[in-house]
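Novice:
Number of protein chains: 2
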Amino acid sequence: MRDFTNDHSALALNTASLGHNLDGHGAGWSPERVIDACAERGFGSIVFWRREIGSRAVAIGERARAAGLSVAGLCRTPFLTGAEAMDRQAAIDGAKSAIDMAAGLGAAVLTIVVGGVHPDTKGTEESLKILTERLGEIVPYAAERGVKLALEPLNPFYAGNRSCLTTVRDAVDICDALGAPNLGIAVDVYHVWWDSDLDAQLQRAGAGRIFGYHLCDWLAETRDVLLDRGMMGDGVADLRAIRGSVEGAGYAGPCEVEIFSAQNWWKRDPGEVLDVIVERFRALC
Amino acid sequence: MRDFTNDHSALALNTASLGHNLDGHGAGWSPERVIDACAERGFGSIVFWRREIGSRAVAIGERARAAGLSVAGLCRTPFLTGAEAMDRQAAIDGAKSAIDMAAGLGAAVLTIVVGGVHPDTKGTEESLKILTERLGEIVPYAAERGVKLALEPLNPFYAGNRSCLTTVRDAVDICDALGAPNLGIAVDVYHVWWDSDLDAQLQRAGAGRIFGYHLCDWLAETRDVLLDRGMMGDGVADLRAIRGSVEGAGYAGPCEVEIFSAQNWWKRDPGEVLDVIVERFRALC
Numbered sequence: 001m002r003d004f005t006n007d008h009s010a011l012a013l014n015t016a017s018l019g020h021n022l023d024g025h026g027a028g029w030s031p032e033r034v035i036d037a038c039a040e041r042g043f044g045s046i047v048f049w050r051r052e053i054g055s056r057a058v059a060i061g062e063r064a065r066a067a068g069l070s071v072a073g074l075c076r077t078p079f080l081t082g083a084e085a086m087d088r089q090a091a092i093d094g095a096k097s098a099i100d101m102a103a104g105l106g107a108a109v110l111t112i113v114v115g116g117v118h119p120d121t122k123g124t125e126e127s128l129k130i131l132t133e134r135l136g137e138i139v140p141y142a143a144e145r146g147v148k149l150a151l152e153p154l155n156p157f158y159a160g161n162r163s164c165l166t167t168v169r170d171a172v173d174i175c176d177a178l179g180a181p182n183l184g185i186a187v188d189v190y191h192v193w194w195d196s197d198l199d200a201q202l203q204r205a206g207a208g209r210i211f212g213y214h215l216c217d218w219l220a221e222t223r224d225v226l227l228d229r230g231m232m233g234d235g236v237a238d239l240r241a242i243r244g245s246v247e248g249a250g251y252a253g254p255c256e257v258e259i260f261s262a263q264n265w266w267k268r269d270p271g272e273v274l275d276v277i278v279e280r281f282r283a284l285c
Numbered sequence: 001m002r003d004f005t006n007d008h009s010a011l012a013l014n015t016a017s018l019g020h021n022l023d024g025h026g027a028g029w030s031p032e033r034v035i036d037a038c039a040e041r042g043f044g045s046i047v048f049w050r051r052e053i054g055s056r057a058v059a060i061g062e063r064a065r066a067a068g069l070s071v072a073g074l075c076r077t078p079f080l081t082g083a084e085a086m087d088r089q090a091a092i093d094g095a096k097s098a099i100d101m102a103a104g105l106g107a108a109v110l111t112i113v114v115g116g117v118h119p120d121t122k123g124t125e126e127s128l129k130i131l132t133e134r135l136g137e138i139v140p141y142a143a144e145r146g147v148k149l150a151l152e153p154l155n156p157f158y159a160g161n162r163s164c165l166t167t168v169r170d171a172v173d174i175c176d177a178l179g180a181p182n183l184g185i186a187v188d189v190y191h192v193w194w195d196s197d198l199d200a201q202l203q204r205a206g207a208g209r210i211f212g213y214h215l216c217d218w219l220a221e222t223r224d225v226l227l228d229r230g231m232m233g234d235g236v237a238d239l240r241a242i243r244g245s246v247e248g249a250g251y252a253g254p255c256e257v258e259i260f261s262a263q264n265w266w267k268r269d270p271g272e273v274l275d276v277i278v279e280r281f282r283a284l285c
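Residue numbers (my numbering), protein chains in the order written: chain S, 1 to 285; chain X, 1 to 285.
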């Protein structure tokens, strides 16, 4: 395992950790100000959300790299399955538009949160088939533009309306089915920390298909399943063991801190949040 | 698969579906009134909660059987792991007391919700070991009293504070480790509906270790992870497929309807709720 005690150049900020500056959350920092604050603190890379980029993908990507940061990723495609993706062509077009943005930004990876259960079906099986079929059209489009796509399984709580894809196992199954070098997975502690099958499935994925590793913590007494994530060390996830599994499978990329926390971290000064992230990352992750 | 279209004698009521008559929920019906209402409607069995039984286990069990109902189960042991089970002996004593109640009631099965992550540890692995060790002392006590113990995996959302046991896979692992004929699993649609590994793991469990099958539905837009369960047919779980897997593994016991629903079903007249359960069970389950 890599030793981050005295070197946090592997650390990436997912800008969601500062509250997105939307919906009344966050301090209103521009992408440029977030870039500078990360660069000053020695973060190695940054991950944006589409809502922050708008039509400025190329400029923001260049700005990040000029400050010494790589753009590790972009969040995320619109849903590809479920109630919000009933129109197949619109779902595919939405994904292609996100791929274009990722290419403009120079983001290494575009994350896919797949969407929930198709309303005309029951269970997750049919929706996973729909997802796989649609990915078959999207993945080559991304490959042509040099964008890697990372399927992110979400905690099973979200299976109904956000992600019929709930485990690394199912994500690797889809990767196997499509067999494309630019299709892999993102592993987020929040979603997979409970899974005793994780290590085996990451081995199955292998280094060539792990495109991202996302960090936060699971608070034992989670008050809100969407917006009450914990800072590393404040919860019950075994962060060292999970990173051990991820790196044991060959992953050597960025460790991306992504903390949705409406009632706690989003209320704090972004500079303080970034300082705490660096400190916790070095000490605990 | 069994055909329930014209025969719902396999139907069991878990009394939680009527709101427990506690905390301001439910219509205040006594166990006797619930028993009679179920018997009138042709339910085959009933499952109580300890809070409803108090010191009247023997009398209530006899009353149920006199009305023609079997007592399919009792919910549940106090937590065996996690923050509420730091005192090993107290946790074991609490489980033994619940076993005594189940024996007095004549309940076929005592359900175990295991508890969350031990506060001195991270991840679920160590807590599952603690659980297994404590079960080793409890299982023989139950066997002497003719009580079967059913490990119930809960949705991973609860892994931190309610159940470090999240999958049928992990539950069968523990059954394998202890190898006791009176230790098995309970399969609850709410907790396992998303799991693509379910069928394989139920096959692994086999008929001799599936001690219960719990029914409700997962609402796509779940508002509260504890108290917003859906009535069968109102959600996205594939009820027929799950029962197919359960029965495919050899299970032929009661189908127990357990719906925690503070804002909907608990506000309705219990007689109406029971009528809807029978109707939905025959048509959709």
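From the three backbone atoms N, C-alpha and C, an ideal C-beta is built for every residue, glycine too.
Quick caveat: nothing in here was measured; it's all calculated off a predicted structure.
(1) Closest by CA to X:Ile174, which one among X:Ala108, X:Glu126, X:Gly230?
(2) Return the Cβ separation of X:Gly233 and X:Ala220 in integer angstroms, given the expectation that the two are a contact with Cβ distance under 8 Å.
(3) Kindly indicate the opening and closing residues of the alpha helix (DSSP H) around S:His191.
(4) Is DSSP giving S:Gly230 helix, strand or coil here?
(5) How should S:Gln288 be labelled, buried or exposed, when 16 other C-beta atoms within 10 angstroms of its C-beta is the threshold for buried?
(6) Kindly indicate the opening and closing residues of the alpha helix (DSSP H) around X:Thr166.
(7) What residues from the region 78-106 of chain X come within 9 Å of chain S, judged by C-beta to C-beta, listed N to C?
(8) For S:Ala159, return the contacting residues in chain X, with the cut-off set at a CB-CB distance below 7 Å.
(9) So, for X:Ala207: in the same chain, excluding its five sequence neighbours on each side, which residues have a beta-carbon less than 7 Å away from its beta-carbon?
(10) Which residues of chain X have a Cβ atom closer than 8 Å to the Cβ of S:Pro156, listed in chain order?
(11) Over what stretch of residues does the alpha helix (DSSP H) that includes S:Glu84 continue unbroken?
(12) Taking the beta strand (DSSP E) that X:Val257 falls in, what are its first and last residues?
(13) Using alpha carbons as the reference points, say which of S:Tyr213, S:Gly146, S:Arg280 lies closest to S:Gly230.
(14) Mind checking which residues open and close the beta strand (DSSP E) that includes S:Ala12?
(15) Given a cut-off of 8 Å on the beta-carbon distance, is the pair S:Ala37 and X:Trp194 in contact?
(16) Compare the beta carbon distance of S:Ile210 and S:Val147 with 8 Å and say whether it is the shorter of the two.
(17) What runs of the beta strand (DSSP E), each 3 residues or longer, lie entirely inside the region 85-152 of chain X?
(18) How far does the alpha helix (DSSP H) with X:Gly58 in it extend, from its first residue to its last?
(19) Cβ closer than 7 Å: which chain X residues qualify as neighbours of S:Thr124?
(20) The beta strand (DSSP E) with S:Leu202 in it runs from where to where?
(21) Could you tell me if S:Gly28 is buried or exposed, where buried requires 16 or more neighbouring beta carbons within 10 angstroms of its beta carbon?
(22) Contact defined as beta carbons within less than 8 Å: I believe X:Ala171 pairs with X:Leu165. What is the distance between those atoms, to the nearest angstrom?
(23) In chain order, what residues of the same chain lie with their CB nearer than 8 Å to the CB of S:Leu74, ignoring the 5 residues before and after it?
(24) Less than 8 Å between the CB atoms is what I'm expecting for X:Pro254 and X:Ala12, so what's the real figure, rounded?
(25) Let me confirm a value: S:Lys267 is counted as buried when at least 16 other C-beta atoms fall within 10 Å, else exposed. Which label applies?
(26) Let me check one thing: in DSSP terms, what residues is S:Ala249 bridge-paired to?
(27) Can you name the start and end residues of the beta strand (DSSP E) that X:Ala72 belongs to?
(28) Starting from the C-beta of X:Glu32, find all residues in its chain whose C-beta is less than 7 Å away, skip the five residues before and the five after it, and write them out in chain order.
(29) Enumerate in chain order the residues of its own chain whose CB-to-CB distance from X:Ser9 is below 6 Å, with the five nearest sequence positions on each side excluded.
(30) Between S:Ala131 and S:Val113, how many whole angstroms is the CB-CB distance? I'm expecting something under 8 Å.
(31) Can you find a CB in chain X that lies within less than 8 Å of the CB of S:Arg169?
(32) Using the beta-carbon of each residue, which ones in chain S are nearer than 7 Å to X:Leu234?
(33) What's the call for X:Ala66, buried or exposed, on a 16-neighbour Cβ count within 10 Å?
(34) My guess is that X:Gly94 and X:Thr81 are in contact by the Cβ rule of under 8 Å, so how many angstroms apart are they, rounded?
(35) Give the range of the alpha helix (DSSP H) segment to which S:Leu274 is assigned.
(36) Determine the extent of the beta strand (DSSP E) in which S:Val47 is found, giving its start and end residues.
Specialist: Considering the structure as presented:
(1) As a working note, residue 174 of chain X is residue 174 in the second sequence. With respect to the C-alpha of X:Ile174, the residue from X:Ala108, X:Glu126, X:Gly230 having the closest C-alpha is X:Glu126.
(2) On the second sequence, residue 233 of chain X is found 233 positions in, with the first residue counted as 1. On the second sequence, residue 220 of chain X is found 220 positions in, with the first residue counted as 1. Actually they are not in contact, since the Cβ atoms of X:Gly233 and X:Ala220 sit about 13 Å apart, beyond 8 Å.
(3) As a working note, residue 191 of chain S is residue 191 in the first sequence. Residues 189-192.
(4) Start at 1 with the first residue of the first sequence, and residue 230 of chain S comes out as number 230. In the three-state DSSP reduction, S:Gly230 falls in the strand class (E or B).
(5) Given a span of 1 to 285 for chain S in the structure shown, any question on residue 288 of chain S remains unanswerable.
(6) In the second sequence, the residue the question calls residue 166 of chain X occupies position 166. Segment: none, X:Thr166 is in no alpha helix (DSSP H) and carries neither H nor E.
(7) When CB distances to chain S are screened at a threshold of 9 Å, the residues of the region 78-106 of chain X falling below it are Gly82, Ala83, in chain order.
(8) Residue mapping note: residue 159 of chain S aligns to position 159 of the first sequence, counting from 1. For S:Ala159, the chain X residues whose C-beta falls within less than 7 Å of its own C-beta are Trp194, listed in chain order.
(9) Counting from 1 along the second sequence, the entry for residue 207 of chain X is found at position 207. So the list reads Ala249, Gly250, Tyr251, once near-sequence residues are dropped.
(10) Taking the first residue of the first sequence as position 1, residue 156 of chain S is located at position 156. The contacting residues are Asn155, Pro156, Phe157, Trp194, Asp195.
(11) By one-based count along the first sequence, residue 84 of chain S stands at place 84. Neither: S:Glu84 is in no alpha helix (DSSP H) and is coded neither H nor E.
(12) Stepping through the second sequence from its first residue, residue 257 of chain X is reached at position 257. In the DSSP annotation of this structure, the continuous segment of the beta strand (DSSP E) that includes X:Val257 starts and ends at 255-257.
(13) If you number the first sequence from 1, residue 230 of chain S lands on position 230. Measuring from the Cα of S:Gly230, the nearest candidate turns out to be S:Arg280.
(14) If you number the first sequence from 1, residue 12 of chain S lands on position 12. Membership of S:Ala12 in the beta strand (DSSP E) is indicated by the continuous run 11-14.
(15) Walking along the first sequence from the start, residue 37 of chain S turns up at place 37. Walking along the second sequence from the start, residue 194 of chain X turns up at place 194. With respect to the 8 Å criterion, S:Ala37 and X:Trp194 are not classified as neighbours on the basis of their beta carbons.
(16) Here the question's residue 210 of chain S lines up with position 210 in the first sequence. Here the question's residue 147 of chain S lines up with position 147 in the first sequence. For S:Ile210 and S:Val147, no; Cβs fall outside 8 Å.
(17) Counting whole runs of 3 or more residues, the region 85-152 of chain X contains the beta strand (DSSP E) stretches 109-112, 148-151.
(18) Reading the second sequence from its first residue, position 58 is the one you call residue 58 of chain X. A small correction: the amino acid at residue 58 of chain X is Val; Gly does not occupy that position in the sequence shown. 57-66 is the span of the alpha helix (DSSP H), which, as asked, contains X:Val58.
(19) Position 124 of the first sequence, counting from 1, holds the residue named residue 124 of chain S. Those within 7 Å of S:Thr124 in chain X are Trp194, Ser196.
(20) Translated into the one-based positions of the first sequence, residue 202 of chain S becomes position 202. In the DSSP assignment, S:Leu202 falls outside any beta strand (DSSP E) and lies within the alpha helix (DSSP H) extending over 198-205.
(21) Against the first sequence, residue 28 of chain S aligns to sequence position 28. By the 10 Å Cβ count, S:Gly28 comes out exposed.
(22) As a first step, residue 171 of chain X is located in the second sequence; it is residue number 171 there, counting from the start. As a first step, residue 165 of chain X is located in the second sequence; it is residue number 165 there, counting from the start. At roughly 6 Å, the Cβ-Cβ gap stays under 8 Å, so X:Ala171 and X:Leu165 are in contact.
(23) As a first step, residue 74 of chain S is located in the first sequence; it is residue number 74 there, counting from the start. Within the same chain, and ignoring the five residues on either side of S:Leu74 in sequence, the residues whose Cβ sits closer than 8 Å to its Cβ are Val47, Phe48, Trp49, Arg50, Ile53, Ala98, Met101, Ala102, Leu105, Ala107, Val109, Leu110, Thr111.
(24) Position 254 of the second sequence holds residue 254 of chain X. Position 12 of the second sequence holds residue 12 of chain X. With 8 Å as the limit, X:Pro254 and X:Ala12 qualify as a contact, their Cβ atoms being about 4 Å apart.
(25) Here residue 267 of chain S corresponds to residue number 267 of the first sequence, with the count starting at 1. The residue is exposed, with fewer than 16 neighbouring Cβ atoms inside 10 Å.
(26) On the first sequence, position 249 is the one that residue 249 of chain S refers to. Among the bridge pairs identified by DSSP, S:Ala249 is matched with none.
(27) Counting from 1 along the second sequence, the entry for residue 72 of chain X is found at position 72. Looking at the DSSP string, the run of the beta strand (DSSP E) that includes X:Ala72 is 70-75.
(28) Here residue 32 of chain X is taken as the residue at index 32 of the second sequence, counted from 1. Close CB contacts of X:Glu32 within its chain, under the 7 Å cut and outside five residues either way in sequence, are with Arg63 (chain order).
(29) Here residue 9 of chain X refers to the residue found at position 9 of the second sequence. Within the same chain, X:Ser9 has close Cβ partners Gly44.
(30) Taking the first sequence and counting its residues from 1, the one referred to as residue 131 of chain S is at position 131. Taking the first sequence and counting its residues from 1, the one referred to as residue 113 of chain S is at position 113. Per the sequence shown, residue 131 of chain S should be read as Leu rather than Ala. Between S:Leu131 and S:Val113 the beta-carbon gap is near 11 Å, outside 8 Å, which marks them as no contact.
(31) Along the first sequence, one-based indexing puts residue 169 of chain S at 169. S:Arg169 counts as touching chain X.
(32) As a first step, residue 234 of chain X must be located in the second sequence, where it is residue number 234. Reading the sequence as shown, one finds Asp at residue 234 of chain X and not Leu. Simply none; closest approach about 11 Å.
(33) By 1-based counting over the second sequence, the position of residue 66 of chain X is 66. Within 10 angstroms of the beta-carbon of X:Ala66 lie fewer than 16 other beta-carbons, which makes it exposed.
(34) Position 94 of the second sequence holds residue 94 of chain X. Position 81 of the second sequence holds residue 81 of chain X. Not quite, the Cβ-Cβ distance comes to about 12 Å (not below 8 Å), so this is no contact.
(35) Residue mapping note: residue 274 of chain S aligns to position 274 of the first sequence, counting from 1. In the DSSP annotation of this structure, the continuous segment of the alpha helix (DSSP H) that includes S:Leu274 starts and ends at 270-284.
(36) Residue 47 of chain S sits at position 47 when you count from the first residue of the first sequence. Its beta strand (DSSP E) spans residues 45-49.
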